[in-house]
Amino acid sequence: MSRVCELTGKGPTTGNKVSHANNKTRRRFLPNLNEVTLMSDVLGQSFKLRISAHGLRSVDHRGGLDAFLAKAKDVELSDKALKIKKAIAKAQAAA
Numbered sequence: 119m120s121r122v123c124e125l126t127g128k129g130p131t132t133g134n135k136v137s138h139a140n141n142k143t144r145r146r147f148l149p150n151l152n153e154v155t156l157m158s159d160v161l162g163q164s165f166k167l168r169i170s171a172h173g174l175r176s177v178d179h180r181g182g183l184d185a186f187l188a189k190a191k192d193v194e195l196s197d198k199a200l201k202i203k204k205a206i207a208k209a210q211a212a213a
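Throughout, my numbering is defined as the position within the sequence shown, counted from one, plus 118.
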């Protein structure tokens with residue numbers, strides 16, 4: 119399982135671990151990923167996604183999963199999130 123947020127595309131970055139003696143060794147900074155169940159208002163269905171804490175805050179800020187996916191770029195989304203986005207768009211067009 120890759121360490122990438124399914125909604126924001128945020129993944130591991132690299133940097134230096136700096137000791138007290140100022141020795142620098144390479145390290146990885148991993149995103150704070152959580153398994154979260156989010157509800158879609160349009161579909162009336164819940165989806166389990168692995169998203170970062172920053173992604174969860176963004177979903178809440180934009181007003182839920184449906185609003186977040188409507189504004190999100192397709193490049194940043196995972197395959198699972200893209201399927202949800204297309205299903206939401208299809209349901210909104212039919213309604």
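Note that the Cβ used here is the ideal one computed from N, Cα and C, for glycine as well.
Per DSSP, reduced to three states, the secondary structure at R121 is coil, with no helix or strand assignment.
Residue pairing of R175 in beta bridges, as defined by DSSP: absent, with no partner found. For the pair S137 and R145, the Cα-to-Cα distance works out to about 12 Å. For the pair of segments examined, the region 126-142 was found not to touch the region 157-164: the number of CB pairs separated by less than 8 Å stays below three. Partner residues in the beta bridge of Q163, as assigned by DSSP, are S158.
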